[in-house]
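Just so we're on the same page, my numbering is the position in the sequence shown counted from 1, plus 183. Please read the structure below before turning to the comments.
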Amino acid sequence: MKVAILVSGEGSTLRRFVKRELPITVVIADRPYSAYTSARSAHLPAHLIEREDFSPSFDREAYTQKVLQVLIEYGIDLVVMAGWKTLLSPTLFYVFGDMVLNSHPSLLPDFKGPNAVRDALEASRRLDGPIYTGCTVFRATAKMDEG
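See below:
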């Protein structure tokens, strides 16, 4: 099975995958941060498809097409979003179906979005009872943190 890892940030999950010698066919990063550097240091094929536009006019479909081009070029079977922060268009999910996995640093559906850990910790301070959080690994869809 050919696996692509999509990364955005520091690359802690990617480094764990590499340390455990999981088979990674290609890494795609949307920012030139540590995750991209880690992939290159591990001698993995790594593509930087930089997202430079964070405005409401961001062309999500055009960006998704660039990502798809790399995934198809490598014959990818499974896409793993490991800290990936760019929401892709429905086209990716049409092409790959339920073969797109995402990880989220909270227990969904309670704390969605980019501030999930902060939101979970703040909620635990407001409630009486145990303080806990977790993570969710799920089949991704075109909607943020749903699947």
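Every residue, glycine too, gets a C-beta built ideally from N, C-alpha and C.
Residue burial is scored here from C-beta neighbours: alanine 187 has at least 16 other C-beta atoms within 10 angstroms and is therefore classed as buried.
When DSSP states are grouped into helix, strand and coil, arginine 322 belongs to the strand group.
Following the DSSP letters along the chain, one finds isoleucine 255 inside the alpha helix (DSSP H) bounded by residues 243 to 256. Serine 286 is bridged by DSSP to Val320. By the C-beta criterion, the region 270 to 284 is judged not to be in contact with the region 220 to 239, since fewer than 3 inter-stretch pairs fall below 8 Å.
Following the DSSP letters along the chain, one finds leucine 275 inside the alpha helix (DSSP H) bounded by residues 273 to 279. Counted as a single uninterrupted DSSP element, the alpha helix (DSSP H) harbouring alanine 222 occupies residues 217 to 224.
The Cβ-Cβ distance between valine 263 and leucine 254 does not fall below 8 Å. Per DSSP, leucine 197 lies in no beta strand (DSSP E); the unbroken alpha helix (DSSP H) holding it starts and ends at 195 to 202.
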